[in-house]
Each structure stands twice: as structure tokens, then as C-alpha cells.
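Residue numbering for the sequence shown follows my numbering, starting at 8 and increasing by one per position. C-beta atoms are modelled at their ideal positions from N, C-alpha and C, and glycine is treated no differently.
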Amino acid sequence: MRFGPHETPSDRPSWFEPAEPAAPPRRPALTASAEPSRIAEWAAARCDEIVGDIRGGLWRFTEGVADVLFPGIGPAVGSARRATKWGPTLVGLNDGRGSDVKIGLIGSENLGLWAVLRCRLGQSDHGPRPGWCADLPLGPLGAEGIRAGAVTISAIEDVKPADVAPLLLAEPAVGAETRLLLRVDVPGRSGVVAVDAGDGVWQRRIFFTLLHPARRGAGHHETYRVVCPVCGRRRLAQFRGFDVCSDCGWLHTQP
Numbered sequence: 008m009r010f011g012p013h014e015t016p017s018d019r020p021s022w023f024e025p026a027e028p029a030a031p032p033r034r035p036a037l038t039a040s041a042e043p044s045r046i047a048e049w050a051a052a053r054c055d056e057i058v059g060d061i062r063g064g065l066w067r068f069t070e071g072v073a074d075v076l077f078p079g080i081g082p083a084v085g086s087a088r089r090a091t092k093w094g095p096t097l098v099g100l101n102d103g104r105g106s107d108v109k110i111g112l113i114g115s116e117n118l119g120l121w122a123v124l125r126c127r128l129g130q131s132d133h134g135p136r137p138g139w140c141a142d143l144p145l146g147p148l149g150a151e152g153i154r155a156g157a158v159t160i161s162a163i164e165d166v167k168p169a170d171v172a173p174l175l176l177a178e179p180a181v182g183a184e185t186r187l188l189l190r191v192d193v194p195g196r197s198g199v200v201a202v203d204a205g206d207g208v209w210q211r212r213i214f215f216t217l218l219h220p221a222r223r224g225a226g227h228h229e230t231y232r233v234v235c236p237v238c239g240r241r242r243l244a245q246f247r248g249f250d251v252c253s254d255c256g257w258l259h260t261q262p
């Protein structure tokens, strides 16, 4: 995974190399909408079947930016990384509901660090969407890097076509140079995952937000909402320090 050019500490070599100009498309452009069979396949899939093959990249990015977003958490993240080969878990909150919007979490209850994910098969995500689904611009790349005071942090990782195929309307060509772009807005602690299917065009596929609730050890919430204020459904998942709607991703953290 390659981060921006101002990684801390400053004397470390940069992992980011300026991107070459986008090459001409190496395969036909994606269709404007998914085929009905593709929609049915997506709806029936579990969250781990959709994002499972890129969860490692997502979590490495989360670990990389955690201390910038939540100053002081870095030592705990480092200790957890050394103690376990794969500590974080992937939880699909609306698996088995036949939904074309997938809600999930990657993280650790012990560490108290979570990435809440929301993804949809369509190229545009029609509402309702929770407020943390920020439409961040996908360029320029590498303008900020991991450092105190950064406004945006980006990272790029080369991935196998099969790893990102479940996120796309059409499978990438065999041998395509597929890439993953992760970008987070530091003040809002929310970001986007985009996929280059091999044609040099970034497609937003996942929205995410990163959480480290300050009061995660305070026990049960003082109040518990029964109905989600965004989608009106009654499936709120409760974790230490926050609630999240299992159907749309509405989020409520303890003050």
C-alpha cells in the first residue's frame, strides 16, 4: 500500500510514486446499470463475500491513519498488530436480508477501533444515505500524506482482479491491472474506497467512516432509539459506544 509523500517520520522514503497518465481503456466500458441477474447475485451475497478479499487493505489503511484521526491511539494499534496475525473481524449487519445496500464493520471490540462500511452495486448510490457517506474527490493523488494537520489522506494498492470483482458491475478482464484507492477526510473521519478495474477510471464502490468511541467502556446507552431516523426501519445494532442501523448505516455515537 502506497501512502502520500509526507509520511511521518519525514526521513522515511516515500511509498507513493506519481501516477502515470491514464492509459487508454484496455477493455470495453462498464455498462450503465447492472443486469437483473447481477443484482440478484449481489443481494443474496453476504458482506464478507462482497468485501472480504480487500478487508486486509482496508484494515492496513485504518491502522495507518488511526493516530492522525485519533491522536494517542497509535501505541495500542501497534501492540495489537504485533500480538495477532489477524485481530480485526468483519461483521455483516444485514446479511440474509436480500438488500442491494450492504452494511458492515471491520474492527476490534477490544481495541475499540472500527471501520463502518456501506456499499451498493449501482454506480450511483441513491438515498437514503447517512451523513458520513462523503463524496470525496478522487484526485489529485498523494497530495497530503500521513501527517498531523493533513486534510485528506490517500493510499493506493495493487490488487488482483478477483479481489475486486464482487464490487463491480462487470468482472474485470483476466490479467487487468486492477488497483484500490482509499481516501479519508481527516476532519470528518469518513472516506471512500474506489476501484480501478484496469481501464484507468476510478469507481467509488464503498463509503466508510472510522470510529474510536471515547465512551466505549461506559456500558449501555442512556437512551436507545427503536426506529432509525434515516430509513425508518427497526434494526439498530448496538456496540460499545455507538449504534448503527443494519439497513442503511445511520450512526449514533455516545456524546
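Of T260, L243, Q261, P147, the smallest CA-CA separation from I110 is found for L243.
Looking at the backbone, the Cα of L258 and that of R88 are separated by about 27 Å.
R53 is positioned such that its CB atom lies closer than 8 Å to that of D102. When the beta-carbon positions are compared, V199 and L187 stay at least 8 Å from each other. Here the alpha carbon of D74 sits roughly 43 Å from the alpha carbon of P43.
A distance below 6 Å between beta-carbons, with the five flanking residues on each side excluded, links I213 to the following residues of its chain, in chain order: L124, C126, V200. The alpha-carbon of C140 is positioned some 7 Å away from that of F215. For C238, the CB contacts under 8 Å within the same chain, skipping 5 residues up- and downstream, are P135, C252, D254, C255, W257 in chain order. One Cα belongs to A155, the other to A47, and the distance between them is close to 44 Å.
Between T159 and R190, the CB-CB gap stays under 8 Å. When the Cα atoms are used, E164 and A83 turn out to be separated by approximately 25 Å.
As computed with DSSP, V108 is found in a beta bridge with R127.
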